[in-house]
Amino acid sequence: MDVSHFLNSHMLDPSLGGKALYRNMMAQAIHAEACGFRGVSIPEHHFVNILLVPSPLQFAAAIAARTSRVEIATSICQLPIRDMRIFAGEVVQAQALCDGRLVLGVGKGAFGYETGRLDVPIEETKARFDEALQVLEALLTREEVSWKGMWYKFEPLTVMPRPEDPIPLAMAIMAPPGIEAAARAGYHIQTTPLSASHGVLTEQVNAFHRGVAQSRKSGQRLSLQRGLFVTEDEAQRQKMLEAAYRYYMSFDNVFGGPGIVDSGVIRPLPRKQTPEEFRANVLICGVGEMIDRLSAYAELGIDEIIVSANFGQEHQTVLDMMSRLASDVMPHVLAPVTHELKRKRG
Numbered sequence: 449m450d451v452s453h454f455l456n457s458h459m460l461d462p463s464l465g466g467k468a469l470y471r472n473m474m475a476q477a478i479h480a481e482a483c484g485f486r487g488v489s490i491p492e493h494h495f496v497n498i499l500l501v502p503s504p505l506q507f508a509a510a511i512a513a514r515t516s517r518v519e520i521a522t523s524i525c526q527l528p529i530r531d532m533r534i535f536a537g538e539v540v541q542a543q544a545l546c547d548g549r550l551v552l553g554v555g556k557g558a559f560g561y562e563t564g565r566l567d568v569p570i571e572e573t574k575a576r577f578d579e580a581l582q583v584l585e586a587l588l589t590r591e592e593v594s595w596k597g598m599w600y601k602f603e604p605l606t607v608m609p610r611p612e613d614p615i616p617l618a619m620a621i622m623a624p625p626g627i628e629a630a631a632r633a634g635y636h637i638q639t640t641p642l643s644a645s646h647g648v649l650t651e652q653v654n655a656f657h658r659g660v661a662q663s664r665k666s667g668q669r670l671s672l673q674r675g676l677f678v679t680e681d682e683a684q685r686q687k688m689l690e691a692a693y694r695y696y697m698s699f700d701n702v703f704g705g706p707g708i709v710d711s712g713v714i715r716p717l718p719r720k721q722t723p724e725e726f727r728a729n730v731l732i733c734g735v736g737e738m739i740d741r742l743s744a745y746a747e748l749g750i751d752e753i754i755v756s757a758n759f760g761q762e763h764q765t766v767l768d769m770m771s772r773l774a775s776d777v778m779p780h781v782l783a784p785v786t787h788e789l790k791r792k793r794g
């Protein structure tokens, strides 16, 4: 099982400013490569102070200029808020600047506050996404594409320059039926149970494998994003659990919540999930427990864990955790035979 680092771009304290925010993200990307992570993942959101990257492809190109090996994935680019005729060319440009290391993760968007202010009601995002994906794939694979659909109508055109390398596409989907359908169609999958139970995670994984089993294509990968932090001791564990719970007070507000945002700052709201329930469903623990839990993920058939480790703590704390994960945990979970490893640990 591979490990990638999710570049959480949070400004829970808005006084941090954009320069420091993106400088810290870049430092994490460079450190991920130095630590031996397979890749980094870049979010996209607008008008809020969490997951704040207005242009993930732009940031992908910047990472590529400062690294040499690490895979660079968007997690995700929101298709319903873009014009695919322009976006297709931006994808080709980004792939060229990334030297073929780009994985294009795409999705429909998740924050109604955000899409609504771009004149795309959240209720329309699924239908808009489905058509936008068809248009994007046509533009990337064919010349002189014309279209007559619900959202797109245009005369023949050819996106220039043409792609020179294959551009891997990953679908960001949480619902098991959607995961199964996308895997059956041959797409890579990016998913997450967020802070839900292990049972939800298992349903997502099983749906992926059912889809792959029915597919005429091969090579699909399942990437699972998890809130994850390898702690030094019990005191740090408690501190990180509290920080993560506070972060989700903001996240839940805009993800399926009322979307109360004050001058770009999401208002933290009480959560339905108790701290005790939350503790059981996130990966915030010491080295030994982390090895056991990630080894179990590998045995489920998860190809990649995308580590989401920033809950508003100091930047250096994130870098130190990445180093600890790389040195103390990754050598075990990257091994091919996890059953044997677990027997040896006894």
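Position one of the sequence shown corresponds to residue 449 (the numbering used here), numbered consecutively onward. Built from N, CA and C at the ideal position, the CB exists for glycine as well.
Margin query: Would you call the segment 603 to 619 in contact with the segment 529 to 549, where contact means no fewer than 3 C-beta pairs closer than 8 angstroms?
Written below: Taking 8 angstroms as the limit for Cβ pairs, the verdict is that the segment 529 to 549 does touch the segment 603 to 619.
Check: How about P624 and E651: do their beta carbons lie closer than 7 angstroms?
Finding: Within the sequence shown, numbered from 1, the residue matching residue 624 stands at position 176. Within the sequence shown, numbered from 1, the residue matching residue 651 stands at position 203. Yes. Within cutoff.
Check: Is the closest heavy atom of the ligand FMN to the C-beta of L566 under 6 angstroms?
Finding: No copy of the ligand FMN appears in this structure; indeed no ligand is present at all.
Next item on the list: Return the chain-ordered list of same chain residues with a C-beta closer than 7 angstroms to the C-beta of A468, the five sequence neighbours on each side being excluded.
Entry: Taking the sequence shown and counting its residues from 1, the one referred to as residue 468 is at position 20. Correct list: empty, nothing qualifies.
Check: Does the distance from the CB of I739 to the CB of V777 come in under 7 angstroms?
Finding: Along the sequence shown, read from residue 1 onward, the residue named residue 739 stands at position 291. Along the sequence shown, read from residue 1 onward, the residue named residue 777 stands at position 329. In this structure, I739 places its C-beta atom within 7 angstroms of the C-beta atom of V777.
Item checked: The beta strand (DSSP E) enclosing D450, as first and last residue numbers -> On the sequence shown, position 2 is the one that residue 450 refers to. Taken as a continuous stretch (DSSP letters only), the beta strand (DSSP E) holding D450 covers 450 to 454.
Check: Going by beta carbon distance, what residues of the same chain come within less than 8 angstroms of P462, once the five residues before and after it are set aside?
Finding: The residue you call residue 462 lines up with position 14 of the sequence shown. If we look at P462 and ignore the five residues flanking it on each side, its Cβ neighbours are N497, G712, V713.
Check: So what does H636 bridge to, in DSSP terms?
Finding: Locating residue 636 in the sequence shown gives position 188, counting from the first residue. For H636, which the question treats as bridged, DSSP gives the partners A618.
Notebook entry, point to check: For I714, does the three-state DSSP call read helix, strand or coil?
Noted result: Numbered from its first residue, the sequence shown carries residue 714 at position 266. In the structure shown, I714 sits in a strand (DSSP, three-state: E or B).
Note to self: Spatial neighbours of F535 within its chain, please: C-beta separation below 8 angstroms, excluding the five flanking residues on both sides.
What the structure shows: For the purposes of this step, residue 535 is taken as the residue at position 87 of the sequence shown. Beyond the five residues adjoining it in sequence on each side, F535 comes within less than 8 angstroms, by CB distance, of C525, L527, L584 in the same chain, given in chain order.
Next item on the list: Tell me whether K556 is buried or exposed, calling it buried when 16 or more other Cβ atoms sit within 10 Å of its Cβ.
Entry: Residue 556 sits at position 108 when you count from the first residue of the sequence shown. So K556 ends up on the buried side.
Next item on the list: Under 8 angstroms by Cβ, that's how I've got S743 and C483 pegged, so tell me the actual separation to the nearest angstrom.
Entry: Locating residue 743 in the sequence shown gives position 295, counting from the first residue. Locating residue 483 in the sequence shown gives position 35, counting from the first residue. Here S743 is actually not in contact with C483; their C-beta atoms are around 19 angstroms apart, not less than 8 angstroms.
Item checked: From T563, G487, R632, L642, residue whose alpha carbon lies closest to that of V660 -> Within the sequence shown, residue 660 is the residue found at index 212, counting from 1. Restricting attention to T563, G487, R632, L642, the CA atom closest to the CA of V660 is found in R632.
Check: Residues in its own chain within less than 7 angstroms of R669 by CB, not counting five upstream and five downstream?
Finding: Within the sequence shown, the letter at position 221 stands for residue 669. Cβ neighbours of R669 within its own chain (closer than 7 angstroms, five residues either side excluded): H636, D751, E752.
Notebook entry, point to check: Tell me which same chain residues have a C-beta within less than 6 angstroms of the C-beta of I754, skipping the five on either side of it?
Noted result: Here the question's residue 754 lines up with position 306 in the sequence shown. Non-local beta-carbon contacts of I754 in its own chain, meaning distances under 6 angstroms to residues more than five positions away in sequence, involve S452, F454, S489, S671, Q673 in chain order.
Next item on the list: Compute the Euclidean distance between the alpha carbons of E579 and F677, then round it to the nearest angstrom.
Entry: Taking the first residue of the sequence shown as 1, we reach residue 579 at position 131. Taking the first residue of the sequence shown as 1, we reach residue 677 at position 229. Their backbone Cα atoms lie some 38 angstroms apart in a straight line.
Next item on the list: Could you tell me which residues DSSP pairs with V709 in its beta bridges?
Entry: The residue labelled residue 709 in the question sits at position 261 within the sequence shown. In DSSP, V709 forms a bridge with I714.
Note to self: Going by beta-carbon coordinates alone, are R486 and E519 separated by less than 7 angstroms?
What the structure shows: As a working note, residue 486 is residue 38 in the sequence shown. As a working note, residue 519 is residue 71 in the sequence shown. At the C-beta level, R486 and E519 come within 7 angstroms of one another.
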